[in-house]
Each structure stands twice: as structure tokens, then as C-alpha cells.
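2 protein chains.
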Amino acid sequence: MTTIKDVAKKAGVSVATVSRFLNDSGYVSAEAAKAVTAAVEELKYELNPIARSLNTKKSNLIGLILPDITNPFFPELARAVEDVALTYGYTVVLCNSDENPEKEKNYIETLKKKYIAGFIVTSNQLDAPHYANANVPIVALDRAINEKIPTVSSNNKEGAIMGTNALLERGCQHILFLRGPAELNPANDRYEGFMEAIQQSNAKYQVVTCPFHFAESQKIVEQVLKENPKIDGIFASSDVSAAGALKAASLVGTHVPNELQIIGFDGVAMGEMLSPGLTTVAQDVYKMGAIATRVLIKRIENKPIEQNFYEVPVKLIVRGTTRSVRE
Amino acid sequence: MTTIKDVAKKAGVSVATVSRFLNDSGYVSAEAAKAVTAAVEELKYELNPIARSLNTKKSNLIGLILPDITNPFFPELARAVEDVALTYGYTVVLCNSDENPEKEKNYIETLKKKYIAGFIVTSNQLDAPHYANANVPIVALDRAINEKIPTVSSNNKEGAIMGTNALLERGCQHILFLRGPAELNPANDRYEGFMEAIQQSNAKYQVVTCPFHFAESQKIVEQVLKENPKIDGIFASSDVSAAGALKAASLVGTHVPNELQIIGFDGVAMGEMLSPGLTTVAQDVYKMGAIATRVLIKRIENKPIEQNFYEVPVKLIVRGTTRSVRE
DNA sequence: ATATTGTGTGTAACCGGTTACACACCGAGA
DNA sequence: TCTCGGTGTGTAACCGGTTACACACAATAT
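Residue numbers (my numbering), protein chains in the order written: chain A, 1 to 327; chain P, 1001 to 1327.
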């Protein structure tokens, strides 16, 4: 392995000069620069990032903390984060927190010892002290907000209004809203959006809380559908729940979309594969991840960031679980 | 930040003794051990892994190289790897290679500079020089085998035989096999298994190559189904293709499972959400990831490994795309 | 009594960089 | 001519650990 000393020797200068040149810090004469460039080239010198980190107390590692990569929402996010990180020369460390504050804390401590550059966090615990006191750049994704921590999320409320109106426009008279867990900020925003839109109509509605879990959702919806056959529209707070609802409908024997229309929320790939294809309010997850990463890197590199709160627009994707709009 | 020097001072010994005690290397007297333990405790000393790495040229980073975390097969794998890594004190770096040898090479070089401990790789390029010459522990997952590199994969051939027989036992007379890309080892093994099983029957069959991609598969199957309405069974080399086939059947108006039975391969969560639920030959992806990680860590820590090739059994999960077995 | 081996410990070099500081040089302004 | 600020450079300390080596001592073997 060739070191900075070898380069210095070959270039006929001191290691300080080499380091200054490499880091573009301090003065370096044109000749010295040339000599060093040549030496680096010839020796195929590559800087040792560990040695550098030991000094600077900085690395180019980014920690991605999310509840569970297995949740279909996160792979695309992770992909975006990794893609952007890579183009800026950063490396991504994957952390599955299971929403467990202890685990989160642990990841943070462990990685801080490695002089991690920053974190992208999807968590409900953002106000927890281990984040507030982390003393390392953080960007929050999708979830709760702390004024000091830049956040990027979807326009959840807007999306919920959009989805609700889509059902309304398609003639639904009695809508079942599958509300997500109350601890989740996005779920609350979606709920708000639904309420706002539904109350401006004169349709009937009904709200049921429902975890973002397929089998659970299916069971719950099956039950509700049996008890209340008048329901002709379901707006689910997540695609997974919507998939459960769709399955429940097929088990109960209700035809989708003729007797019952369903709209999900998220826009995960699975929606396309269902029969009929799932109409959904799609988040631009990739974009969210990409923005979050860019913002984080700006913070890491002490560049100014334009805003502290980024809201990524959502989009209605119409597929087979809804009918065409009545004129 | 408290350093080993602080601890040495407080314990009244030299840094060498502290280091020896911490690493359980060399001799340390009982008294010295006690004094150091107390000092560590009191000062809340935590070893700096970067400083250590600089010396030992080892870190506790594990690189997970996979084509694309977005592919539904990989999140569970990643989860398993991370879970096991965590319990052994390792940290996982996520690398999306897009099957691009240049990218793979790049990841390897970048991470080797960080003294990465080892890699878990899912790739078709395992014989490529950047792996052979990587000079760092590697475990291959799911894909190609190089005698020197420990590999864990599913029992693909066995699984294919199982799936084929499942269709046969359920009365299929004309089976369409959706063969995966020829570059993929597992796809070839599955093909072999199918051929072996089908040729021992007197059922008719037909093989079509089909990428592991939903929309493509759907289009291909739709075409084939129209040309050949006698097909009464489809065995897909992946769940995604199977989902495409299921959708194609519904578009063509063929009833599943009455007129056409479908079996997939993989066992991804999405299969359950389809209507009808997808019968599939399920891989134990989590187990594969877990085994691979344990094997890698053994290699990293120079412990003996029992075998060089681990085959994880697959399992038939029967859901709604197949009928019950005729007596 | 002497050689040998096993324990136990500290000093200092080293891993491969960064950077504070001292110093030298040069041209411009007083 | 003297002073001063901007350039350019090298020496050496430092980041926080690991470890080769030298040395000391006690217990056993010869």
C-alpha cells in the first residue's frame, strides 16, 4: 500500500504539502502541485479514509435508520438514498430499528464512534433525546417533525383529500376509511385530509383503525363489510391495507369496482400486480429519499439549505379498483 | 472523549496493559485487570474503532452487494443479514450493484479502503476477477458458485421438481414453464428440475423464457395463452412472473384455478395478497441471509466452517391458484 | 546453582493521515 | 531602507489505538 509519505518522497516535497494539495487547503505552488499530481498518478496512490477519519473525526458514512426494510415502502427509499449518496461519495449503512428507541439509540452511538457523517431517519421517536442530543446532522423522513431537524415528507393531507374526492367523484355514497395507527404522523395527516374532504360532501362515512398489515386489514374489512353491506367505497391509508380490503371483498363476494371501489395510499409496486390493479394515491418515495439525502449532505458539508421542510407532491394513479368518473 | 491513555493513567498501568486486557491478548495480572475494569467503568471509556482499524486493518463493516434492494426478493435478505450482523457486532453497508461489474468493483475497492471485514454478494459475476482477487472474505448468496467461495442457495432444482409435481398431481395436462433468464444460475437449476419432473410424466409442456418482471411476464403469458388455450397449468420461475401470469389469465378471461392453475417460485409476501392467493415454492430467504452472514463472520474470524456449500430447503405453500389434489 | 520457561509489564514505534507552527521568500507601501 | 502581508514549505505533534521488544521476576527442570 502506498502512503502519503511515498508520494511526498517521489514528488520531492513534504507530506504536509501533499496533504495540502490533496485537500486543497493552504498554499501549494504550481510546481509542487504538478509534482504531486505526477507522483500520485505514478504510484497509484489512494488516500486512506480511515487514517483521515481518525484526524478529522469525520467519515463519509451515512446511516439510514428505518423501522424495517422488509416493509414494502422502504426499499425504494433505501435505493434512492444509496443512489444519491453514491454520487456524492458517501456510503450507506442500513439500520433496522423496529421502531425501538433502544435500538435506534444503539445505532447512533455505535456509528458515532465511527465518526458517521449523518443520519437519515424514519421514526416516530424524533423528539427522543438520542436524536436531539445526537450532535450530528440528521434529516427526518416521512415522519414526525422537530423544528430543528429538516424533514421531507409527502403531502399526505393533500393526498388524502385527492383520494377521497376521487371516490366521491366516482359516485361513492358510503365510504369506509381505513385509518392508520395513531402514533404515525402521516396516518394522522391522511385522516385529517379525509375528514376535511368527506365533510364537504354529503356522503356517509365510517372510520376504522387498521394497522399497515395485510392479514389484519383483511380480517377487519371482512368484518366491517359483512356488518355493513352499504359500503361502496374504501379509502385505505396504505396500499397494504387496501390489498387486504380487496382480498376481503373478494372473499365476501363483493365485486370490485362495480359494487365497491377501493383506493390505497403509497403507490408500492405490488398495487399493479393485484387484480384488479389498485387505484392509489402514490407517493414519490424515490424522490423523497433523494431529496432527504441531498439535504443531509448539504448539512454535512455546511452548505446552506433552502428550507427546513420539504413536501413532495403525491399523485393519483387510477387502475382497476375504481370505475370511470361519472360525467 | 476519554482515551486509552486516560484509562491507563487512572488504572495506574500502561496503555499496553490496557490494550492487552481489552483485547484479551497477552498476559494481564488479576490486579491489573481489576484496576482497568474499574477505570473503564468509571470513565465510561469506549474504544475508538477507527483508531483500532487503522492498526489492525480490520473493521466490523460487512458489505452487502445485491442487484437492487427494490427487487422484492432482497429486502428480507437484507433484513436477515443485518439482524445477524448486529448480534455479532457488525454493521451492514448497502450496495446496489444493478448487476453492473463496474459498480461492483467500485464498491469493493471503496470499501476495502475502509478495511471492510467481508462481503455478502448476490451477483452473476462471481467469477469476475474483482471477486477472485478481492482478498477479503466473501460469501455468495443465491447465485453462481466458485469453488473457493462459500455459497448458500435454495434447493432450486428440488423446488422445481416439487412445483412441477404439484401441478401434475392436480391434474394439469399441458404445462407452461416460465423459464427465467439464462444468465441466472438459480433459473437454470429450476429449469432442470422442471424438465426432469415433466419428462417423467406424460403431460405436454411448453417452455417460454421470461424475465423476472411483472409487466413483461404478463404480456408474454397473455400472448401464449391466446395462442394455446389448452394450457391448464403454469409454473413460473418467480413470483413476480407468476403474478404477471395471474393477471394475464384474468385479462384473457381464464378462470384460476378452475381452468388454469398457477404456481410461482420465491414465496415473497406479495403472493399472499393476490386474489386468489398465489401457490408457490417458497424459499426461506431469511434463513439464507442468516446462514450466509454466520458463515461470513466465521470466515472473518478465522473459525472453521463446516461446508462450502449450503442448500436451504424450499417449501410448497398452497394457496388459491391451485385446486386440491385429486385422490 | 544454573538454565529455562511462563508471567507480567512498560516504552516506544507504528498505522496513515492532518495541521499548528515556525520560517523563508517576495513584492508593495511608507 | 524598513516593515508588512501574502505565499509556500517543512518539521513534528497529534488523532487513539496496537504491538514488537526489552526487561523483570518467579517457578520449575537439570
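No residue lacks a Cβ here, since even glycine has one placed at the ideal position from N, Cα and C.
Just to confirm, are residue i and residue j a CB contact at a threshold of 8 Å?
{"i": "residue 1065 of chain P", "j": "residue 1118 of chain P", "result": "no"}
{"i": "residue 1188 of chain P", "j": "residue 1182 of chain P", "result": "yes"}
{"i": "residue 970 of chain P", "j": "residue 1142 of chain P", "result": "One cannot answer for residue 970 of chain P here, as it falls past the ends of chain P, which runs 1001 to 1327."}
{"i": "residue 176 of chain A", "j": "residue 240 of chain A", "result": "no"}
{"i": "residue 1091 of chain P", "j": "residue 1060 of chain P", "result": "yes"}
{"i": "residue 278 of chain A", "j": "residue 246 of chain A", "result": "yes"}
{"i": "residue 206 of chain A", "j": "residue 244 of chain A", "result": "no"}
{"i": "residue 1270 of chain P", "j": "residue 270 of chain A", "result": "yes"}
{"i": "residue 238 of chain A", "j": "residue 180 of chain A", "result": "yes"}
{"i": "residue 260 of chain A", "j": "residue 139 of chain A", "result": "no"}
{"i": "residue 242 of chain A", "j": "residue 264 of chain A", "result": "yes"}
{"i": "residue 1114 of chain P", "j": "residue 1136 of chain P", "result": "no"}
{"i": "residue 283 of chain A", "j": "residue 314 of chain A", "result": "yes"}
How many angstroms separate the CA atom of residue i from the CA atom of residue j?
{"i": "residue 155 of chain A", "j": "residue 1096 of chain P", "result": "28 Å"}
{"i": "residue 1107 of chain P", "j": "residue 168 of chain A", "result": "50 Å"}
{"i": "residue 1170 of chain P", "j": "residue 1323 of chain P", "result": "6 Å"}
{"i": "residue 22 of chain A", "j": "residue 8 of chain A", "result": "12 Å"}
{"i": "residue 151 of chain A", "j": "residue 103 of chain A", "result": "21 Å"}
{"i": "residue 1080 of chain P", "j": "residue 68 of chain A", "result": "11 Å"}
{"i": "residue 1300 of chain P", "j": "residue 1012 of chain P", "result": "35 Å"}
{"i": "residue 174 of chain A", "j": "residue 273 of chain A", "result": "27 Å"}
{"i": "residue 54 of chain A", "j": "residue 1162 of chain P", "result": "55 Å"}
{"i": "residue 312 of chain A", "j": "residue 153 of chain A", "result": "6 Å"}
{"i": "residue 14 of chain A", "j": "residue 1 of chain A", "result": "19 Å"}
{"i": "residue 229 of chain A", "j": "residue 235 of chain A", "result": "16 Å"}
{"i": "residue 1037 of chain P", "j": "residue 1026 of chain P", "result": "16 Å"}
{"i": "residue 211 of chain A", "j": "residue 1294 of chain P", "result": "33 Å"}
{"i": "residue 193 of chain A", "j": "residue 159 of chain A", "result": "7 Å"}
{"i": "residue 1199 of chain P", "j": "residue 1307 of chain P", "result": "33 Å"}
{"i": "residue 1221 of chain P", "j": "residue 255 of chain A", "result": "25 Å"}
{"i": "residue 20 of chain A", "j": "residue 29 of chain A", "result": "11 Å"}
{"i": "residue 1157 of chain P", "j": "residue 1077 of chain P", "result": "20 Å"}
Of all Cβ atoms in chain A, is any one closer than 8 Å to the Cβ of residue i?
{"i": "residue 1068 of chain P", "result": "yes"}
{"i": "residue 1075 of chain P", "result": "yes"}
{"i": "residue 1270 of chain P", "result": "yes"}
{"i": "residue 1078 of chain P", "result": "yes"}
{"i": "residue 1243 of chain P", "result": "yes"}
{"i": "residue 1053 of chain P", "result": "yes"}
Please tell me whether residue i has its Cβ less than 8 Å away from any Cβ of chain P.
{"i": "residue 49 of chain A", "result": "yes"}
{"i": "residue 93 of chain A", "result": "yes"}
{"i": "residue 294 of chain A", "result": "no"}
{"i": "residue 14 of chain A", "result": "no"}
{"i": "residue 217 of chain A", "result": "no"}
{"i": "residue 247 of chain A", "result": "yes"}
{"i": "residue 214 of chain A", "result": "yes"}
{"i": "residue 110 of chain A", "result": "yes"}
I want to verify the contact list: residues of chain P whose CB lies under 8 Å from the CB of residue i, in sequence order.
{"i": "residue 274 of chain A", "result": "1273, 1274 and 1275"}
Span of the beta strand (DSSP E) holding residue i?
{"i": "residue 177 of chain A", "result": "174–179"}
{"i": "residue 1261 of chain P", "result": "1261–1266"}
{"i": "residue 1093 of chain P", "result": "1091–1096"}
{"i": "residue 282 of chain A", "result": "279–282"}
{"i": "residue 1286 of chain P", "result": "Per DSSP, residue 1286 of chain P belongs to no beta strand (DSSP E); it is in the alpha helix (DSSP H), 1285–1300."}
{"i": "residue 1204 of chain P", "result": "1204–1209"}
{"i": "residue 316 of chain A", "result": "315–317"}
{"i": "residue 391 of chain A", "result": "The question about residue 391 of chain A has no answer, for chain A in this structure spans 1 to 327."}
{"i": "residue 63 of chain A", "result": "61–66"}
How is the alpha helix (DSSP H) around residue i delimited, first residue to last?
{"i": "residue 15 of chain A", "result": "15–23"}
{"i": "residue 217 of chain A", "result": "214–227"}
{"i": "residue 5 of chain A", "result": "4–11"}
{"i": "residue 161 of chain A", "result": "156–169"}
{"i": "residue 233 of chain A", "result": "Element bounds for residue 233 of chain A: not the alpha helix (DSSP H) but the beta strand (DSSP E), 233–236."}
In chain P, which residues lie less than 7 Å from residue i when you measure between Cβ atoms?
{"i": "residue 115 of chain A", "result": "1050"}
{"i": "residue 250 of chain A", "result": "1275"}
What residues of chain A sit near residue i, judged by a beta carbon separation below 7 Å?
{"i": "residue 1082 of chain P", "result": "94 and 96"}
{"i": "residue 1046 of chain P", "result": "113"}
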